[in-house]
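Asker:
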Amino acid sequence: MEDYKFLFKVVLVGNAGVGKTCLVRRFTQGMFPPGQGATIGVDFMIKTIEIDNEKVKLQIWDTAGQERFRSITQSYYRSAHALILIYDITSQPTFDCLNDWLREIDEYANNRVLRVLVGNKIDKEDREIPSHVGQDFAQRHDMRYLETSAKQADNVEKLFVQIASELMEQAKSKGISTESPQSLPFNTRTSKTINDFCCNR
Amino acid sequence: MSNVSFCCYEQADVMKCVDTIVDKCTDPGCCLSRMRPRYKRLVDNIFPSVPQEGLVKNNMEKLTFYALSSPEKLDRIGEYLFQKASRDISRKRNEFVMIAMEAMDQLLVACHAQTLNLFVESYLRIVQKLLESSEPSLQILATQSFVRFSNIEEDTPSYHRRYDFFVSKFSSMCHNNNANLATLEMIRMAGIKGIQGVIRKTVSDDLVENIWEPVHMDKIVPSLLFNMHTMKSKSDIVVESGISEEVNDKNDAFSLAESCLRELIGRASFGHVKSVIRPVLKHLDAHHMWVPNVFATQCFRILMFSIQSQYSYAVVETLMTHLDENSNASPKIRTSIADVLSKIIAIAANESVGPTVLEIINSLLTNLRTSVTRRPPSNIGLAESDGENEYREALIHALGEFAAHLPDYQKIEIMMFIMSKVPQLKSSNNPNDLHVQRMCLKSLLMVSTKYCSVQMNATFPQSFLDLLLKTLTASEDEIRFIVLRILHTLLDRHNNASKFSKATVNITKSEINLEKCSRSDTIFIRKHAQDIYVSIYECLEITNNTVDNVEAVYTTLALICIELLSEETVLDFIRLILSIQELAITNAVLSTQQKFHLHALVVSIMLLVAIIIDLHPLKIYINKIIEQRKLLNATHLLPELSIHNEIKSISLLPAGVLIEEPELTEALKASGIDITKTGPVLTHRRSWVENTNMSMKGSYTDLSNLDLDSVNSTPAMQRRFSPNEDLSFEAMKRSLLDNPAVKAEQNTRQTQLCDLYRNASFQDLVAISTASKDEESLHTKITDVFNKVDLSNKLSAIETNNNSKPIYETLFPELFAF
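Sequence order for the protein chains is A and B.
The numbers in the UniProt record's numbering rise by one with no breaks, and the one at position 174 of the first sequence is 174.
The numbers in the UniProt record's numbering rise by one with no breaks, and the one at position 768 of the second sequence is 768.
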């Protein structure tokens with residue numbers, strides 16, 4: 001039944017091969033797909049979670065990291081409520097690209113979008129980016145920071161729950177009656193009807 | 001379908017499923033059912049007890065009837081169906097979901113009341129719900145249903161309906177990467193169909209959602225393109241394996257995406273064209289699909305053919321802007337873009353009007369110019385500049401393609417426009433400017449080849465002709481050559497140019513495509529003969545003329561002769577030829593080789609004139625000269641034009657090989673050409689020839705030794721008319737033998753001055769003298785000169801019995817009035 005109260009759109013971005021798809025799979029399906037191929041274009045997943053006894057539906061758009069799909073992936077930023085920017089803690093280049101990603105986000109995403117920096121693959125031994133470096137970077141750019149492992153399911157649930165509750169806070173502070181969590185022109189109808197629907201019940 | 005999904009489940013699952021349904025379905029039968037609203041009972045009844053049985057048809061009819069008779073209940077039916085369906089989805093009872101969808105579809109089709117609006121809300125929520133599930137079969141089911149829905153024309157606007165999720169989801173489906181190839185293709189095709197559905201639903205209804213927003217287009221267009229180029233390879237294989245294209249037409253993702261793109265662009269209004277094209281360009285950039293540009297070309301052709309034709313130039317414009325934006329990209333990419341441009345520009349040409357045409361041309365020229373100026377002066381890597389050249393060629397080609405498809409009157413406009421863009425630099429030191437000039441003229445040549453002259457006065461408006469002729473005397477031989485070629489293409493109405501690409505004396509009338517010169521052409525040549533001839537003459541005077549140049553001049557003259565000359569206008573032309581011969585004899589700056597070429601040019605053109613205008617005596621005379629030249633082993637004075645190194649400087653111009661004016665006059669008289677009538681023109685012509693000579697040599701001819709020269713020249717002139725000595729031959733010989741530079745210079749100056757003062761009218765002399773800026777002694781000099789002229793005239797008059805009487809005397813008896 002459609003008994004959720006909030007609908008949030010979460011978009012995952014980051015270099016190819018940092019584990020975006022695995023993170024989503026782990027969260028939505030509870031599995032770690034070994035040998036996951038490169039995502040083409042954009043993938044879509046949905047997951048409903050419960051926070052403070054309220055059901056929150058997360059629409060997760062998992063974008064391709066490859067350069068050639070940049071044009072289509074960018075088009076998904078705008079409608080996002082939250083952007084998860086992922087890098088691989090064992091790969092310096094993926095960290096170095098973060099600035100480029102931020103520039104893209106600034107250009108294409110809503111400026112009030114919730115941004116979360118995630119260092120993935122902490123299960124690996126050969127860490128190249130120390131935790132505090134990521135932390136610093138996140139702080140400098142006004143982002144949340146979290147380190148995860150999709151393989152071992154470390155912090156994955158926590159990541160999404162945090163995002164959901166934060167977005168919920170934001171939405172509540174603006175008042176539930178005033179339509180969508182973030183005044184995005186996009187989602188107005190959906191959440192309105194959802195709210196109506198909830199009220200009817 | 002149900003069988004397929006059935007197979008996906010374990011037997012136990014299905015049994016459990018069936019059990020619960022049996023449980024539920026018994027509900028309406030019990031006493032409680034009486035308390036349920038009627039619509040709920042009706043809805044419940046359409047579901048079979050066992051999902052394999054499918055929709056209960058009878059009960060469905062009842063439900064439809066009920067919905068039709070009480071449409072106000074439709075929204076509740078929708079709501080209830082939605083609840084049921086979403087419960088089934090979450091419980092993974094896909095068969096029942098399918099039944100619910102089928103019921104919804106039927107209701108949608110059956111009901112066309114205003115209340116459908118609310119029902120649609122519930123309906124779309126189910127579709128969304130289905131799309132959200134990760135089950136491919138449900139996604140496909142949802143799409144199929146949605147496509148059906150999209151074909152329903154709604155008469156009431158839906159103000160608050162939003163399709164953003166659908167666009168996002170369908171686009172993501174277009175990129176599906178399922179491990180199973182069949183599933184992959186099915187989902188991708190479903191995605192494309194879904195997009196098509198959204199487009200259909202939204203474009204026709206302005207109130208719904210602006211599908212043209214970049215937010216949507218940035219998803220839709222790349223998705224379609226992605227399917228077009230990834231699925232293309234597969235359909236190629238299919239074609240190769242022998243299955244005809246019609247069979248799998250519409251059935252593969254490629255053609256589906258293509259038709260969807262066509263539909264999209266076909267519906268785009270002017271303001272929306274750009275929002276479609278921009279993602280296309282972005283996509284091509286991102287996927288590096290400019291080099292090679294097969295797909296890009298294909299893509300743009302699709303766009304061009306499907307777009308409402310009045311907007312087609314907007315595509316060209318956008319592509320052009322893209323080219324501008326990519327001005328720093330590698331030449332290869334730019335070449336490819338320009339190539340695509342050249343391939344589609346023709347399609348736009350038919351629809352382009354007015355300023356847009358010039359805008360496009362201007363933009364192309366600007367690109368050409370930037371390409372030229374971009375060239376780094378110091379480090380020109382060979383490969384780099386090669387690419388750059390190809391890029392320029394591609395641009396010029398594009399220009400040509402564009403021009404080719406414009407109506408003729410616009411071609412003239414364009415030629416004038418390009419001409420006005422040609423930098424007019426006679427003494428340019430800047431290699432870039434020269435290069436720009438060359439490029440512009442090349443593009444002009446390209447346009448002119450596409451133009452088909454009908455009337456010369458239409459082809460050559462005054463300002464265009466002026467600029468063209470001005471450029472004809474440019475200092476670069478290559479540029480002059482291009483201008484001559486432009487003249488060829490514009491003059492040549494009867495495809496004769498190829499026959500006259502090389503100077504020849506072996507031509508017969510039957511080989512030439514001739515048409516009687518029309519009245520307006522005669523007027524044209526009469527009006528412009530002066531300008532044209534002067535320019536050609538000046539062009540021949542320039543010292544860096546190559547054989548190609550001279551031959552090009554030959555072609556030009558031949559074409560003028562064929563296209564424009566009639567008996568009334570032939571005389572001017574003949575005079576031009578004579579002047580050229582004189583140039584060859586007297587000019588000091590030209591090399592011997594060049595002079596030979598001029599002689600060959602003169603004789604072959606003269607012959608051609610005789611043939612074309614049917615001047616039989618002239619033809620005989622010229623043939624005689626040709627024979628003479630052959631006889632005296634002076635073949636270097638005949639075509640072919642080539643480098644005659646073997647010729648010794650002695651016996652370069654044997655006697656009797658030149659076209660002599662008196663004989664010519666006789667021949668012309670015999671042909672019935674009235675010489676006296678056009679007398680003044682000749683004077684005038686002479687004066688211009690001399691004037692130009694004067695102004696050219698002005699730098700080293702100062703007036704102080706003018707007298708002296710005059711005096712010196714008088715005996716020379718005397719000698720010239722002695723019967724047994726050919727002066728020009730003599731002069732030539734001497735000039736070549738001893739100290740050629742100085743001697744020749746002196747000789748020429750003498751001859752020139754001599755000719756000038758003998759023939760020019762008083763006014764002309766005044767004009768010349770004033771031009772020389774020596775006004776103090778003007779009067780005395782004039783009187784001096786005047787006396788000498790008088791004297792020389794008398795001297796000449798005495799010798800009128802000589803058979804080598806100069807032509808001007810015969811032609812201008814009135815000159816003796818002095």
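Idealized CB from N, CA, C, for every residue including glycine.
Applying the 10 Å Cβ sphere with the 16-neighbour rule, what's the burial state of B:Ser-463?
Answerer: Classification of B:Ser-463: exposed, given that the 10 Å Cβ count is below 16.
Asker: If you compare alpha carbons, which of B:Ser-520, B:Ser-510, B:Val-534, B:Val-589 is closest to B:Asn-544?
Answerer: That would be B:Val-589, whose Cα lies nearest to the Cα of B:Asn-544.
Asker: Report the three-state DSSP secondary structure of B:Ile-307 (helix, strand or coil).
Answerer: In this structure, B:Ile-307 counts as coil in the three-state DSSP scheme.
Asker: Over what stretch of residues does the beta strand (DSSP E) that includes A:Gln-59 continue unbroken?
Answerer: Unbroken beta strand (DSSP E) run through A:Gln-59: 54-63.
Asker: Should the region 575-590 of chain B be called in touch with the region 619-632 of chain B, which here means at least 3 C-beta pairs below 8 Å?
Answerer: Result no; under three Cβ-Cβ pairs closer than 8 Å.
Asker: Note down, in chain order, every chain D residue with its Cβ under 9 Å from the Cβ of A:Phe-44.
Answerer: Absence of chain D from the displayed structure is noted, the protein chains being A and B.
Asker: Establish whether the CB of B:His-283 and some CB of chain A are separated by less than 9 Å.
Answerer: By this cut-off, B:His-283 is an interface position.
Asker: Thinking just about the alpha-carbon of each residue, which of B:Met-415, B:Glu-661, B:Val-657, B:Thr-586 is nearest to the one in B:Gln-752?
Answerer: Comparing Cα positions, the closest option is B:Thr-586.
Asker: With 9 Å as the threshold, decide whether the Cβ of A:Thr-148 is near any Cβ in chain B.
Answerer: Chain B, which has no Cβ nearer than 9 Å to the Cβ of A:Thr-148, makes this no.
Asker: Are the region 509-525 of chain B and the region 589-604 of chain B in contact at 8 Å, needing three or more beta carbon pairs?
Answerer: No, they do not touch.
Asker: CB-CB under 7 Å to B:Ala-338, same chain, minus the five flanking residues each way: which ones, in chain order?
Answerer: Closer than 7 Å at Cβ, skipping near neighbours: Leu-323, Tyr-391, Ala-394, Leu-395, Ala-398.
Asker: Would you please verify whether the beta carbon of B:Pro-28 is less than 9 Å from any beta carbon of chain A?
Answerer: In this predicted model, B:Pro-28 has a pLDDT of only 46, less than 50, meaning its place in the structure is not dependable; the value taken from the coordinates is given anyway. Answer no: the Cβ-Cβ gap between B:Pro-28 and chain A never drops below 9 Å.
Asker: Which runs of the alpha helix (DSSP H) at least 4 residues long sit entirely within the region 529-597 of chain B? Give them in chain order.
Answerer: Listed in chain order, the complete alpha helix (DSSP H) runs (minimum 4 residues) inside the region 529-597 of chain B are 547-564, 570-586.
Asker: Going by alpha carbons, who is nearest to A:Lys-151 out of A:Val-11, A:Arg-144, A:Gly-30?
Answerer: Nearest of A:Val-11, A:Arg-144, A:Gly-30 to A:Lys-151, Cα basis: A:Gly-30.
Asker: Is A:Ala-64 close to chain B? Criterion is C-beta to C-beta, closer than 9 Å.
Answerer: Answer yes: the Cβ-Cβ gap between A:Ala-64 and chain B drops below 9 Å somewhere.
Asker: Note down, in chain order, every chain A residue with its Cβ under 7 Å from the Cβ of B:Pro-279.
Answerer: By Cβ distance, chain A contributes Ser-71.
Asker: Assuming contact is defined by CB atoms lying nearer than 9 Å, are B:Val-553 and B:Leu-540 in contact in what I supplied?
Answerer: Contact flag set, yes.
Asker: To which residues of the same chain is B:Leu-615 closer than 6 Å at the C-beta, ignoring the five residues directly before and after it?
Answerer: Cβ within range, chain order: Ser-671.
Asker: Give me the chain B residues within the contact set of A:Tyr-76, using Cβ-Cβ distance strictly less than 8 Å, ordered along the chain.
Answerer: Correct list: Ser-168, Lys-219.
Asker: Does DSSP put B:Met-289 in a helix, a strand or coil?
Answerer: Here B:Met-289 sits in coil by DSSP.
Asker: Do B:Val-120 and B:Phe-149 have their C-beta atoms within less than 9 Å of each other?
Answerer: Contact flag set, yes.
Asker: Which residues of the region 37-50 of chain B have a Cβ closer than 7 Å to any Cβ of chain A? Give them in chain order.
Answerer: The region 37-50 of chain B vs chain A, Cβ under 7 Å: nothing.
Asker: Excluding the 5 residues preceding and the 5 following A:Phe-8 in the sequence, name in chain order all residues of the same chain whose CB lies nearer than 6 Å to its CB.
Answerer: The answer, listed in chain order, is Leu-58, His-81, Leu-167.
Asker: Please name the residues in the region 61-89 of chain B whose beta-carbon is closer than 7 Å to at least one beta-carbon of chain A, in chain order.
Answerer: Those residues of the region 61-89 of chain B that come within reach of chain A (Cβ to Cβ, closer than 7 Å) are Gln-83, Ser-86, Arg-87.
Asker: Beta-carbon of B:Pro-222 versus every beta-carbon of chain A: anything under 9 Å?
Answerer: For B:Pro-222, the answer is yes, since a Cβ of chain A falls inside 9 Å of its Cβ.
Asker: Using only CA atoms, which one of B:Thr-459, B:Val-657, B:Asn-177 lies nearest to B:Tyr-409?
Answerer: The shortest C-alpha separation from B:Tyr-409 is found at B:Thr-459.
Asker: Is the region 134-143 of chain B close to the region 181-196 of chain B, with three or more CB pairs under 8 Å?
Answerer: Contact between the region 134-143 of chain B and the region 181-196 of chain B is present, because at least three Cβ pairs lie under 8 Å.
Asker: Counting pairs of beta carbons, one from the region 15-29 of chain A and one from the region 38-56 of chain A, are three or more of them closer than 8 Å?
Answerer: Yes, they touch.
Asker: Which bits of chain B does A:Ile-40 rub up against, with CB to CB less than 7 Å?
Answerer: Per Cβ cutoff of 7 Å: His-175, Asn-177.
Asker: Quick check on the DSSP output: the beta strand (DSSP E) that includes A:Tyr-108 runs from which residue to which?
Answerer: Not the beta strand (DSSP E): A:Tyr-108 falls in the alpha helix (DSSP H), residues 98-108.
Asker: Who are the neighbours of B:Val-215 on chain A, taking C-beta pairs under 9 Å?
Answerer: In chain order: Ser-75, Arg-78, Ser-79, Phe-186.
Asker: Going by alpha carbons, who is nearest to B:Thr-546 out of B:Glu-478, B:Glu-515, B:Glu-567?
Answerer: Taking only the C-alpha atoms, the option nearest B:Thr-546 is B:Glu-478.
Asker: Counting only beta-carbon atoms, is B:Ala-329 nearer than 9 Å to chain A?
Answerer: Taking Cβ atoms only, chain A never reaches closer than 9 Å to B:Ala-329, which makes this a no.
Asker: Which chain B residues are close to A:Glu-54, counting only those with a beta carbon under 7 Å from its beta carbon?
Answerer: Those do not exist, as A:Glu-54 stays about 18 Å from chain B at its closest Cβ, beyond 7 Å.
Asker: Let me see if you follow: with CB-CB separation under 9 Å, is B:His-288 close to chain A or not?
Answerer: It does: the Cβ of B:His-288 has a partner Cβ on chain A nearer than 9 Å.
Asker: Does any residue of chain A bring its CB to less than 9 Å from the CB of B:Asp-252?
Answerer: Not an interface residue.
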